[in-house]
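Only one structure is covered here, and it is reproduced in the block below.
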Amino acid sequence: MRLLHTVLAVIFAVVAISFAVSNRAVVPMSLWPLPFEWPMPVAMVGFVGVIIGFVLGGIAAWIGAGSSRRRARQAEYKNRNQEREITRLEARTREAEKAKVDALGNQENAALPKAE
28 MRLLHTVLAV
38 IFAVVAISFA
48 VSNRAVVPMS
58 LWPLPFEWPM
68 PVAMVGFVGV
78 IIGFVLGGIA
88 AWIGAGSSRR
98 RARQAEYKNR
108 NQEREITRLE
118 ARTREAEKAK
128 VDALGNQENA
138 ALPKAE
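Residue numbering for the sequence shown follows the working numbering, starting at 28 and increasing by one per position.
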């Protein structure tokens, strides 16, 4: 898996460098409602677009996974409560078994004849 990641990263880097070298021409970059204009290489305009898309996609994925995170938190809370309940019930069971053994032991001792 690590090798695949490295190979894909190298391929992506080669493509990005090739794109940047091939598109060095400067173009004016302006945003419609703003009166400003910035001269930028074509490659930079492309990279900025990709970065903005990556960030917006990450935000959308994070918002979309909110319900899954909420369900995971609720399941974690329920799991912790059930573990506490199991521990409490195991302790009660041990106490009840010990009391039963003590009661049986007392009955057996009472049934035995006393040696004088």
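Ideal placement from N, C-alpha and C gives every residue a C-beta, glycine not left out.
Query - Inter-stretch contact at 8 Å, needing at least 3 Cβ pairs: the segment 70-89 / the segment 40-55 - result: Between the segment 70-89 and the segment 40-55 there are three or more C-beta pairs closer than 8 Å, enough to call the two in contact.
Query raised in the report: Do the CB positions of M67 and V82 come within less than 8 Å of each other?
Result: Not a contact, by the Cβ cut-off of 8 Å.
**Report entry** Span of the beta strand (DSSP E) around W89
**Finding:** Element bounds for W89: not the beta strand (DSSP E) but the alpha helix (DSSP H), 69-91.
**Report entry** Per DSSP, the bridge partner or partners of S57
**Finding:** Looking at the DSSP assignment, S57 forms a beta bridge with E64.
Requested in this report: May I ask you to report which of helix, strand or coil DSSP gives R51?
Outcome: Reduced to three states, the DSSP call for R51 is coil.
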